[in-house]
Amino acid sequence: MVSVFSLALALLAGNPAPPIVSIEAAPPVVTLRGSDGAVQVIVTGRDARGHAVDLTGKASYAIKTTKIARADVAGLVSAGSNGRTELTVSVNGKSAVVPVEVSDFENVRPVHFASEVVPILTRFGCNAGGCHGKSTGQNGFRLSLLGFDPKSDHEALVREARGRRIMPGDPAQSLILKKPTASIPHGGGKRFAVGSPEYSTIARWIRQGTPLASGAEPKLISLEVEPAKRLVPRQSRQQLRVIAKYADGTSTDVTRLAQFQSNAADVATVNETGLAETQDGVGEAAIMARFGGQVGVARATVPLTTEPVAWDEPKSSNPIDPLVFRKLRELGIEPSPPCSDSEFARRSSLDIRGTLPSIAEVAELERSTDPARRDKWIDKLIDSPEYADLFAMKWSAILKNRRSLGVQSQAGTFAFHAWVRQSIAENKPYDRFVAEIVAARGDMSINPAVNWYRQVNTLESRVDDTAQLFLGMRIQCARCHHHPFERWSQDDYYGFASLFSRIGTKGNDVANVRIFLLPSGQASNPVTRQVKAPKPLGAPELANLPASVDPRDKLASWLRQKDNPYFAKALVNRYWKHFFGRGLVEPEDDMRVTNPPSNPELLDALNDSFIASGYDLKALVRLIATSKAYDRSSLPSGTNAGDRRNFARFYAKRLPAEVLLDAINEVAGTSEPFIGLPDNFHATQLPDDGFDSEFLTVFGRPKRESVCECERSSEANLSQTLHLLNSAELQRKLENSQGRAAKWVNDARPDSEKIDELYRLAFGRLAKSDERAHCLEHIERRRTEKRLRQGYEDVIWAIVNTKEFLFNQ
Amino acid sequence: MLDVIGGQFAPCDGHSRRSFLRIGSLGLAGLALPQILQARAEGSARKNTAVIQVMLSGGPSHMDTYDLKPDAPREFRGEFKPIPTNVPGISICELMPRQAMAMDKMSLIRSVAHESSDHFVGTHWVMTGYQSSPNEQQKNERPSAGSIVAKLRGPNGPGVPPYVSMVGGIFGGIFQNGAYLGPGYNPFTIDNDPSTNARVRNLAPPPSLSMSRIEDRSLLLAKLDQVNRERDVSGTMQGLDQFTTQAYEMVTGPAARKALDLSTEDPRLRDRYGRTRIGQSCLLARRLVEAGVTFVTISDGNWDHHGSIFQSCRQQVPPLDAAVATLVEDIYDRGLADRVLVLVWGEFGRTPRINNGGRDHWPGAMSVAVAGGGLKMGQVVGATNRKGEQPAEKPLRPEDVLQTVYHVLGINARHDFPNDSGRPMPVLNQGRVIGELLA
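Note that the protein sequences, when read in sequence, are chains A and B.
Under the working numbering, the first residue of the first sequence is numbered 4, with each subsequent residue one higher.
Under the working numbering, the first residue of the second sequence is numbered -12, with each subsequent residue one higher.
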């Protein structure tokens, strides 16, 4: 870490910022309407290469006629009286002139509740989830979360609490002004000062009679944040401005009313005035601005260095590679070299089969001189039965294949697992796989996919799971309030819910269930009580569906439309994460405008290729696993030690619980006794959650209660370490009379060969000479103590306790 | 930071706006190990405090323990008489003479209530501070207080786990897990009876492993475990190295083994606690917090007295009385009163009106006993009405009790963690510190 930092300093010191050759100011004309208009000016300088640099904070601002307008040091221009004047911006010996026009100054405009008062409540955290915005409110005062429902907020302020919150005759006595200024005790403390612009706006709104809306206000349709995308060096600043666009074609600067948030605090932070500060981290940061129920995003790309870094791009015909490497070039970091064949064998086998590669397999890959040997190896892995085991395990967890209804539900969970596994083994196109689940009907004993509806058995969970699993979208927020980071409203939620509102269920819920189509039924928005016609997200309403048409069939066909913006993207992102440990969008099932991908072009390319292949999952796995991006070493190289999200190297990741247990058994030469299952059954093959294992629990096997892969805990903890160091369970494996240690005692080969066997199996590689010496020395000591078998046990124990074993790297 | 009922006022969330923005964005991404360590550092205003929670599962009758109503009608008041305590004006059940003599070192909260008469919902409420969702009543939906403490505080000393649970009785041990914090914050459980034998799973080595062999193995591991930790950008490899050190301390070091060995205690003190499961569990809990455990939950089951309540109380209350009273005295005798909080409660009270010789579930009123923790003792907070049906003074909720517990532990209860759908979930979203208990 230290070395990288000093390297970066050296780079900076060696390359002072190139001189600015021109400057420009935005907007081209400052237009202020009314007495309280304020416009943020942004000053951008360009060097000889055309690179943009933000100079807003360094420039000085002079208004020709200060009676007409004022400008502060941060470049915020506000009105003084009607008229026209000029703003002169000067920096680095360059200047630019911007015309300023003030109109309607004397006209005290009515304060608009939704777009002026509510944003104040949002900016100061009044309606945040921890305070008055939570569903139960705070101390009797409840606001809509983040101000998405101005009408109910108006009601709460003006009518509730016997009107004490507002004193029309003496605005300063209103609780809504006394509480946030801490003039009287307030659990939330002081939020703004008496006489501040926020205070004045609310006071003026009260004096005007607390109008909700005149009805004449134009509708806010979008927010734009400028600059929308820019390359910004580390440790520097970029001022943003936010422009609200209205349905009547007008637009207003709302920089000082908007609320800002960064999605990557290690790359860039942002303060309340929209000034972003880049940090030490390298990569993309999305800065979200929120105002009046809309969100807008600016993206900052923060390179390690803006100087070109020379490195040779690996030759590749894989469409993934140019996109990954282009991004790295843009960020000024280089990729690590390729990993060794034995590393590649272990890595890809664990990722695709969930197993360690055999000694023979690794040796064969190493011996081969075929340039296409890694591609052929990947093909072999994809066609193995263990590929189906591993991916069936992955899907069974997020499809919640769970024996929650006791042992009697076992027939169903086993059948569903077998159905999932078979679908994966035969490489059923993904769109068909999903369609068969979401539109499952009939008798569970005949159609195992019906099991999903048995387990996911409420309207809300069906809506939420479908969105999160198949669209990569967490829509559940919109069940109770407008989604705080997305465009989805409660109407959208319940329109989507109506796709699932005609599901009839027959049967006793445990042994068997039958799903059939009800002739009618629609969900309704609990706030407006309006019945919503079925409507896929962001798609037209499906009004007047005949009684014979299942809305879920319509859902399935919408999902597999080639222009569906979510469906294929969600899957390719999920699979990317499976291999690289991190999604292009992270978390992988929280894709939204305000959480953009680290490499949008790559996500688009994967999406297009997956659709063009006919939703071919094996082809997608092959595409990813044969890329040069996937075969990078996990060791940092050159300038890439700090990279965490651009795949300059392979990010080592822990083995999932089941894979680790199988690997330990492989190395110990034992098998896991799962009750009721045959010997040599792998943990990755378990059909449902009904097999108790302290090991699997401690190592984070998901309980299959959540649709999120994050339920599989990858966090390290003390119980795991204790279990590996000290459990009777592991000790029994080592001491097993059929196990590797026991067999070695009667094995005539020299110990050094046994050590090599162990290293090959556990790590894919041979022991280094010092490692071999340490192991031999330990074994020898035990031999002289007449405890040879314990010596072998100890060496095997030490191997499975190393980080090299516990991680896929 | 503090949200107190009565008196003191400060920001709701304890953060400046700027830090709110930063934390908000972290909430989306999830907390990584370094941020957890940071949150721990911020939260540890009172570094070495600890909590012993005695959970009386099934719901003990408030009217037959800490809140007797001798003036209530016969069908309410029950068979037991109140006795005076060493604090003038406070009286408790005649089955609790030992606690009566320790009342100056205890405070009673008589006005806690909530709205669920279901064992699962009520237990989830007191263990986590949240009512469970409809249809999810048997799910450990939110992290238990002990899990929150394990995550944000860790252990007070080396070589011991942060959070230990002693499980016993029907409903004992439920909702004590980490939920979306992950299984790493589940308690270390002691599921055998400490009055005969105490053991934490995986702490004592399997019989075939001698200490010297464990140490020898670890030397070999250290030589072989040389992979470059920089391969892992998440920091988990380094985290595991830390855990390995800790786990060794626990297994081979003396702290945990010594704490678990009750035989080194003075037999007279062991007798005072009572040679019962609850008695020896309380003694063990005191040894564990002394050794550095931060949160201990003892579950004592079988308080669900729908029938023969008076007979059952005659059997169950005296051992509890000896255990709790001795624990309180012991903590004061050892100078632990400022840093160890004892909390005794169940998931609800029981119906004031006697029904068929028993009392049924009653969330409308329950009593909570506390001791130590640097809080103000020798008082009663709140009161129920004449028939013990509902709070008449100072109505409080389980969240207020937990908020007070977090206050003692120096934990910011407005800190939030992302659940599985990424929604930020605060430690508590209701509740204030009970002002009367602040010294």
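Ideal Cβ placement from N, Cα and C applies to all residues, glycine included.
Are the beta-carbon atoms of residue i and residue j separated by less than 9 Å?
i: A/P306; j: A/I336; result: yes
i: A/A126; j: A/D39; result: Reading off the sequence, residue 126 of chain A comes out as Arg, not Ala. Result no, Cβ atoms of A/R126 and A/D39 do not sit closer than 9 Å.
i: A/G287; j: A/R648; result: First, the residue type needs correcting, since residue 287 of chain A is Glu and not Gly in the sequence shown. Going by C-beta atoms, A/E287 is nearer than 9 Å to A/R648.
i: A/P153; j: A/A185; result: no
i: B/G397; j: B/K138; result: no
i: A/G281; j: A/P236; result: Reading off the sequence shown, one finds Thr at residue 281 of chain A, where the question assumed Gly. In contact: A/T281 and A/P236 (Cβ atoms closer than 9 Å).
i: A/L243; j: A/A301; result: yes
i: B/T183; j: B/Y260; result: no
i: A/E661; j: A/R704; result: yes
i: A/N720; j: B/F230; result: yes
i: A/P122; j: B/E217; result: no
i: B/M237; j: B/G146; result: yes
i: A/F394; j: A/R444; result: no
i: B/L271; j: B/L249; result: yes
Which residues bound the beta strand (DSSP E) around residue i?
i: A/S819; result: Summary: the structure shown does not reach residue 819 of chain A, with chain A confined to residues 4 through 812, and so no result is reported for it.
i: A/A261; result: Run containing A/A261: none; DSSP gives neither H nor E here.
i: A/A301; result: Q297 to V305
i: B/P69; result: P69 to P71
Spell out whether any CB of chain B is found under 9 Å from the CB atom of residue i.
i: A/V337; result: Sequence inspection shows Glu at residue 337 of chain A; the Val mentioned does not correspond to that position. No - not a single Cβ of chain B is within 9 Å of the one on A/E337.
i: A/I179; result: no
i: A/P599; result: no
i: A/P341; result: no
i: A/L10; result: With a pLDDT of 41 at A/L10, under the threshold of 50, the modelled position of that residue is not reliable, and no figure is offered here.
i: A/L791; result: no
i: A/G150; result: no
i: A/V327; result: no
i: A/G672; result: no
i: A/F294; result: no
So residue i is in the alpha helix (DSSP H); what residue range does that whole segment cover?
i: A/V32; result: No alpha helix (DSSP H) contains A/V32, which DSSP labels as neither H nor E.
i: A/R167; result: Segment: none, A/R167 is in no alpha helix (DSSP H) and carries neither H nor E.
Could you give the DSSP three-state label for residue i: helix, strand or coil?
i: A/L14; result: Residue placement at A/L14 is flagged as unreliable, the pLDDT there being 43, under the threshold of 50; a coordinate-derived value is accordingly withheld.
i: B/E29; result: A caution first: B/E29 carries a pLDDT of 44, below 50, which makes its placement in the model unreliable, though a value can still be read off. It is helical.
i: A/V44; result: coil
i: A/S560; result: helix
i: B/E81; result: coil
i: A/L368; result: helix
i: A/R505; result: coil
i: A/A608; result: helix
i: B/V283; result: strand
i: A/A279; result: strand
Examine chain A for any beta-carbon lying closer than 9 Å to the beta-carbon of residue i, and answer yes or no.
i: B/M237; result: yes
i: B/S119; result: no
i: B/V220; result: yes
i: B/N179; result: no
i: B/P192; result: yes
Given a threshold of 16 other Cβ atoms within 10 Å of its Cβ, counted over all protein chains shown, does residue i qualify as buried or as exposed?
i: A/S523; result: exposed
i: A/C134; result: buried
i: A/P374; result: exposed
i: A/P539; result: buried
i: A/N274; result: exposed
i: A/C483; result: exposed
i: A/A1; result: Here chain A has residues from 4 to 812 only, and residue 1 of chain A is not among them.
i: A/S407; result: buried
i: B/I10; result: Because B/I10 sits at a pLDDT of 29, beneath the cut-off of 50, its placement in the model cannot be relied upon, and the following sentence gives the value as read from the coordinates. Per the 10 Å Cβ criterion, buried.
Does at least one heavy atom of the ligand SAM sit under 8 Å from the Cβ of residue i?
i: B/R216; result: In the structure shown, the ligand SAM is absent, as is every other ligand, since no ligand is present at all.
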